[in-house]
Amino acid sequence: MSTHRYAAKGAFKGRTVLITGGGGAIGRAASLAFADAGANVVVNDLPGKTGEGPAERTVKEVKSRGGSAIAVPGSSAEGEKLVDAAIKEFGRIDVIVALAGTHAATLFENHTMDDFNRVLGVNTLGMISPVLAAWPHFQKQKYGRIVITTSDTIFGTTRLTSYLFSRGANFVGARGLAIEGAEHGILVNSIAP
Numbered sequence: 173m174s175t176h177r178y179a180a181k182g183a184f185k186g187r188t189v190l191i192t193g194g195g196g197a198i199g200r201a202a203s204l205a206f207a208d209a210g211a212n213v214v215v216n217d218l219p220g221k222t223g224e225g226p227a228e229r230t231v232k233e234v235k236s237r238g239g240s241a242i243a244v245p246g247s248s249a250e251g252e253k254l255v256d257a258a259i260k261e262f263g264r265i266d267v268i269v270a271l272a273g274t275h276a277a278t279l280f281e282n283h284t285m286d287d288f289n290r291v292l293g294v295n296t297l298g299m300i301s302p303v304l305a306a307w308p309h310f311q312k313q314k315y316g317r318i319v320i321t322t323s324d325t326i327f328g329t330t331r332l333t334s335y336l337f338s339r340g341a342n343f344v345g346a347r348g349l350a351i352e353g354a355e356h357g358i359l360v361n362s363i364a365p
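Numbering (my numbering), first residue to last: 173 to 365.
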């Protein structure tokens with residue numbers, strides 16, 4: 173992990189950040205960066221097959237550095253569960269970083285509807301669900317920050333058609349959410365790692 177500070181120490185003090193895909197490479201780094209900036213971090217990722225999973229491992233690392241975090245293993249599409257856990261533990265939800273993702277690496281003609289349902293379920297519905305659950309809280313507190321994962325592959329590549337559809341939907345959806353959220357103090361950005 174880089175020693176570079178991504179946000180000033182204390183910049184997110186008192187804020188609660190939910191990170192889906194928080195046990196993956198980018199999610200782990202985001203969890204650590206937000207915790208280092210003072211945030212309470214809610215780490216979501218799929219549960220481990222036997223015991224401790226990636227979310228729990230990330231939380232252990234956050235806590236070993238003096239940060240505040242909880243693990244909420246499960247699907248990123250369980251938005252109500254994730255937001256409820258954040259509010260129960262920390263009393264609020266302020267930021268959602270939607271990093272959960274998957275793909276089906278095959279040519280379009282070999283894709284099945286199950287591939288599309290799985291990929292769109294994680295990448296798009298898994299982003300929409302926690303955002304939809306948090307939206308009323310963001311509106312009420314006149315503050316919310318949302319970071320949505322897209323991808324530069326939306327401009328075209330092969331063997332990832334279902335992924336392209338999911339990340340393209342996220343890109344366009346982020347723009348719509350940004351317009352709707354602006355009057356409520358909700359800022360929305362997309363990233364394309």
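Every residue, glycine too, gets a C-beta built ideally from N, C-alpha and C.
Comparing C-alpha positions only, which one of 212, 248, 310 and 259 sits nearest to residue 292? Here residue 292 refers to the residue found at position 120 when the sequence shown is read from its first residue. Taking only the C-alpha atoms, the option nearest residue 292 is 248.
With burial defined as no fewer than 16 other Cβ atoms inside 10 Å of the residue's Cβ, what is the status of residue 282: buried or exposed? Within the sequence shown, the letter at position 110 stands for residue 282. Counting Cβ neighbours within 10 Å, residue 282 comes out exposed, since fewer than 16 surround it.
Could you give the C-beta distance for residue 266 and residue 335, rounded to a whole number, given that I count them as a contact under 8 Å? Numbered from 1 along the sequence shown, position 94 holds the residue referred to as residue 266. Numbered from 1 along the sequence shown, position 163 holds the residue referred to as residue 335. Incorrect: roughly 29 Å between the Cβ atoms, too far for contact.
Tell me whether the beta-carbon of residue 366 lies closer than 8 Å to the beta-carbon of residue 277. In this structure the chain extends from 173 to 365, so residue 366 is not present and cannot be described.
Can you confirm whether the region 212 to 224 touches the region 249 to 266 when touching is taken to mean that 3 or more C-beta pairs between the two stretches lie within less than 8 Å? A contact is defined here as three or more CB-CB pairs under 8 Å, and the region 249 to 266 meets this definition with respect to the region 212 to 224.
Straight-line CA distance for residue 286 to residue 241? Your numbering for residue 286 matches position 114 in the sequence shown. Your numbering for residue 241 matches position 69 in the sequence shown. Roughly 34 Å separates the two Cα atoms.
Check whether the region 213 to 229 and the region 340 to 355 touch, using three or more Cβ-Cβ pairs below 8 Å as the test. Two segments are said to touch when three or more pairs of C-beta atoms, one from each, lie closer than 8 Å; by this definition the region 213 to 229 does not touch the region 340 to 355.
DSSP three-state label for residue 347, please. As a working mapping, residue 347 is identified with position 175 in the sequence shown. If DSSP states are grouped into helix, strand and coil, residue 347 belongs with the helices.
Between residue 321 and residue 332, is the Cβ-Cβ spacing less than 8 Å? The residue given as residue 321 occupies position 149 in the sequence shown. The residue given as residue 332 occupies position 160 in the sequence shown. No, the Cβ-Cβ distance between residue 321 and residue 332 is not below 8 Å.
Between residue 194 and residue 217, how many whole angstroms is the CB-CB distance? I'm expecting something under 8 Å. Residue mapping note: residue 194 aligns to position 22 of the sequence shown, counting from 1. Residue mapping note: residue 217 aligns to position 45 of the sequence shown, counting from 1. With a Cβ gap of about 5 Å, residue 194 and residue 217 count as contacting.
Write down the C-beta distance between residue 204 and residue 234 rounded to the nearest angstrom, noting that I regard them as a contact closer than 8 Å. By one-based count along the sequence shown, residue 204 stands at place 32. By one-based count along the sequence shown, residue 234 stands at place 62. That belief holds up - the Cβ atoms of residue 204 and residue 234 are roughly 6 Å apart, short of 8 Å.
Quick check on the DSSP output: what are the complete alpha helix (DSSP H) runs of length 4 or more inside the region 210 to 292, in order along the chain? DSSP assignment within the region 210 to 292 yields the following whole alpha helix (DSSP H) runs of 4 residues or more, N-terminal first: 226 to 236, 251 to 262 and 285 to 292.
Hey, out of 338, 284 and 256, whose CA is closest to residue 299's CA? In the sequence shown, counting from the first residue as 1, residue 299 sits at position 127. When only C-alpha atoms are compared, the closest one is 338.
Nearest-angstrom Cα separation, counted from residue 201 out to residue 178: Here residue 178 corresponds to residue number 6 of the sequence shown, with the count starting at 1. Here residue 201 corresponds to residue number 29 of the sequence shown, with the count starting at 1. For residue 178 and residue 201, the distance between alpha carbons rounds to 10 Å.
What would DSSP say about residue 173, mapped onto helix, strand or coil? Residue mapping note: residue 173 aligns to position 1 of the sequence shown, counting from 1. Residue placement at residue 173 is poorly supported in this model, since its pLDDT is 46, which falls under 50; the coordinates still yield a value, given next. DSSP places residue 173 in coil when its eight states are reduced to three.
Measuring alpha carbon to alpha carbon, tell me which residue in 362, 268, 309 and 317 is nearest residue 354. Within the sequence shown, the letter at position 182 stands for residue 354. In this structure, 317 is the residue among 362, 268, 309 and 317 with its C-alpha nearest to the C-alpha of residue 354.
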